[in-house]
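J.: My questions all concern the structure below.
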Amino acid sequence: MKIRFKQDKKTILKLLETSGIKRRLRILDRLNGVNEKDSINILLKVLEDNSWVMREKAAYKLAEYGNRVVQRLIRLLKRGFWYTRAAACLTLGEIGNIKALEAIVTLILDDDNPTVIKEASSALLKLARKEPVLFADGLKNLSLIQEKKKEILKIIEDAEPELYTVIMKELENE
């Protein structure tokens, strides 16, 4: 069965409100004919969907847009539902832009939802892996008390001791 639809944002958003998850996933797969701006807006809207499968698919598709969506994702971290914040963290981790560091650290330290904290911690690790030196510089520039910095560094130390060592060497070179 082929799905054909007029490829505009309004029509696609309406189709994404249908109940069949398989159909909704196929619609997401076929966003290629939509202009970039509308595609980004649709995917950001899907990050607010009730289905984790839909949010996860949208998160990975959004990551393909890279730095163009970072600021909008950071805004979602501050105002979205817990599941939207978790999906935004997933996307930001995939993109790996150090500009998201402060927002991700804030979630880890202040959010109450364990799923959000888990996804934010995962994003933190991906940022650290991608650019350890930039990560260390970014962490230095955050206005955190020492205890909070230790809490963030502990996440890295527990997951990847070698990476922790590299970052600590950079932090000591202040």
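To get my numbering, take the position in the sequence shown, counting from 1, and add 1098.
Cβ atoms here follow ideal geometry from the backbone N, Cα and C, with glycine treated the same way.
Keep in mind that this is a model prediction, so the values were computed, not measured.
(1) If you draw a straight line from the C-alpha of Leu1225 to the C-alpha of Trp1150, how long is it?
(2) For the region 1148–1215, which segments carrying the beta strand (DSSP E) assignment without a break, of at least 3 residues, lie completely within its bounds, in sequence order?
(3) Where Ala1234 and Gly1194 are concerned, what is the direct C-alpha to C-alpha distance, given to the nearest angstrom?
(4) Look at Thr1213 and Trp1180 and say whether their C-beta atoms are less than 8 Å apart.
(5) Which residues in the same chain have their Cβ closer than 6 Å to the Cβ of Thr1263, if we skip the five residues on either side of it in sequence?
(6) Could you tell me the alpha carbon to alpha carbon distance between Asn1239 and Leu1269, rounded to whole angstroms?
(7) Please state whether DSSP places Leu1240 in a helix, a strand or coil.
T.: The answer reads as follows:
(1) As a working mapping, residue 1225 is identified with position 127 in the sequence shown. As a working mapping, residue 1150 is identified with position 52 in the sequence shown. Rounded to whole angstroms, Leu1225 to Trp1150 spans 23 Å at the Cα level.
(2) As far as the region 1148–1215 is concerned, it has no whole beta strand (DSSP E) run of at least 3 residues.
(3) Residue mapping note: residue 1234 aligns to position 136 of the sequence shown, counting from 1. Residue mapping note: residue 1194 aligns to position 96 of the sequence shown, counting from 1. One C-alpha to the other measures close to 14 Å.
(4) Taking the sequence shown and counting its residues from 1, one reaches residue 1213 at position 115. Taking the sequence shown and counting its residues from 1, one reaches residue 1180 at position 82. The answer is yes: Cβ separation under 8 Å.
(5) Numbered from 1 along the sequence shown, position 165 holds the residue referred to as residue 1263. Here the set comprises nothing.
(6) Taking the first residue of the sequence shown as 1, we reach residue 1239 at position 141. Taking the first residue of the sequence shown as 1, we reach residue 1269 at position 171. About 11 Å.
(7) As a position in the sequence shown, residue 1240 is number 142, starting the count at 1. DSSP places Leu1240 outside both helix and strand once states are collapsed to three, so it counts as coil.
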